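See below for the structure under consideration.
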Amino acid sequence: MSTDYHEQHFVKFPHVASFHSRAELYHAAIKESQKRVPWFVPQPFRFQIGRTLYTPDCFVQEGSKKTIIEIKRGGRFDKPWREDFEEYLRVNGYHFQVISNEELYEQEILAENWLTIIRVLVRGRHYDTEHTERRLIEEIIPAEGEYFGDLLDRSIPANRHIYELSIFRLLYKGSLCINLTERNLNFDNWVTLCI
């Protein structure tokens, strides 16, 4: 029997998160990339429904909207207690959403790019990059943009990780823009200031 299990730290969920499928991991990475989502909790809590214990895949706070997420192949979640469960959530101010694995796999490039960025951000959380971020915004990145690799080449090799971390922090904050949906993140990605 094979298993598809992943663990990952995130910025919006700073603990070790457990995922039972690649689709669940992709969902978390995509939520990490969305500014309107301040936080999320993978495998958040367990409900007892009759004699059944149920743990949803994710809880997402999006503005004032609180959503319990289930991720399933084909988007099917055919449980006899689903209607009662959704009513219970509604009464308590929650929404319930089922997302298909396939929908998340269609966003694989975006999710994998964000996983790369998240890993750098988490590893570099103790570095102070404020000066480098300001310098990138004010001096280095011309108005029309520049290739990611060229931005890294401007730095002293020993400081390259600080530049990469600074670029990713600015991207995370929404100060820089890179198209992350069409191809994997590499030195040829075009970086621009977000207006």
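Counting in this note's numbering, the sequence shown runs from 612 upward without gaps. Even for Gly, the Cβ is constructed at its ideal location relative to N, Cα and C. For clarity, every value in this text was computed on a predicted model and none was experimentally measured.
If you count every other CB in all the chains shown that lies within 10 Å of the CB of residue 769, and 16 or more means buried, which is it?
Looking at its Cβ environment, which holds fewer than 16 other Cβ atoms inside 10 Å, residue 769 is exposed.
Do residue 684 and residue 711 come within 8 Å of each other at the CB atom, strictly closer than that value?
Result yes, Cβ atoms of residue 711 and residue 684 sit closer than 8 Å.
Hey, quick one: how far does the alpha helix (DSSP H) through residue 634 stretch, first residue to last?
Here the alpha helix (DSSP H) through residue 634 covers 633 to 644.
Where does residue 616 fall in DSSP's three states?
Residue 616 falls in the coil class under three-state DSSP.
Would the segment 793 to 802 and the segment 716 to 723 be scored as touching if the rule is three or more Cβ pairs under 8 Å?
Contact between the segment 793 to 802 and the segment 716 to 723 is present, because at least three Cβ pairs lie under 8 Å.
So what does residue 742 bridge to, in DSSP terms?
According to DSSP, which records beta bridges pairwise, residue 742 is partnered with nothing at all.
Got a sec? Which residues, its chain only, sit under 6 Å from residue 619 by beta carbon, not counting five neighbours each side?
Excluding positions up to five away in sequence, the list reads 628.
CB residue 623 to CB residue 648, shorter than 8 Å?
A contact, by the Cβ cut-off of 8 Å.
Around the C-beta of residue 774, are 16 or more other C-beta atoms found within 10 angstroms, so that it is buried, or is it exposed?
Residue 774 is buried by the Cβ-count criterion.
Given a cut-off of 8 Å on the beta-carbon distance, is the pair residue 634 and residue 716 in contact?
Cβ atoms of residue 634 and residue 716: closer than 8 Å.
Of all Cβ atoms in chain B, is any one closer than 8 Å to the Cβ of residue 715?
In the displayed structure, chain B is absent; only one protein chain is listed.
Of the choices 767, 762, 772, 714, whose alpha-carbon is the least far from that of residue 730?
The option with the nearest alpha carbon to residue 730 is 772.
Name, in chain order, the residues that DSSP records as bridge partners for residue 758.
According to DSSP, residue 758 bridges with 801.
Give the single residue among 750, 661, 642 whose Cα lies nearest to the Cα of residue 670.
Per the Cα distances, 642.
Between residue 612 and residue 663, what straight-line distance do the alpha-carbon atoms span, to the nearest angstrom?
Here residue 612 scores only 48 on pLDDT, less than 50, and its place in the model should not be relied on; the value that follows carries that caveat. The straight-line gap from Cα to Cα measures roughly 24 Å.
Suppose contacts are defined by Cβ-Cβ distances below 8 Å. Is residue 799 in contact with residue 756 by that definition?
The answer is no: Cβ separation not under 8 Å.
Quick one: complete beta strand (DSSP E) runs, 3+ long, within the segment 676 to 725?
Correct list: 676 to 683, 706 to 711.
Quick check on residue 670: does DSSP put it in helix, strand or coil?
Strand.
Rounded to whole angstroms, how far is the Cβ of residue 781 from the Cβ of residue 747, which I believe are closer than 8 Å?
Going by Cβ atoms, the distance from residue 781 to residue 747 rounds to 6 Å, so yes, they are a contact pair.
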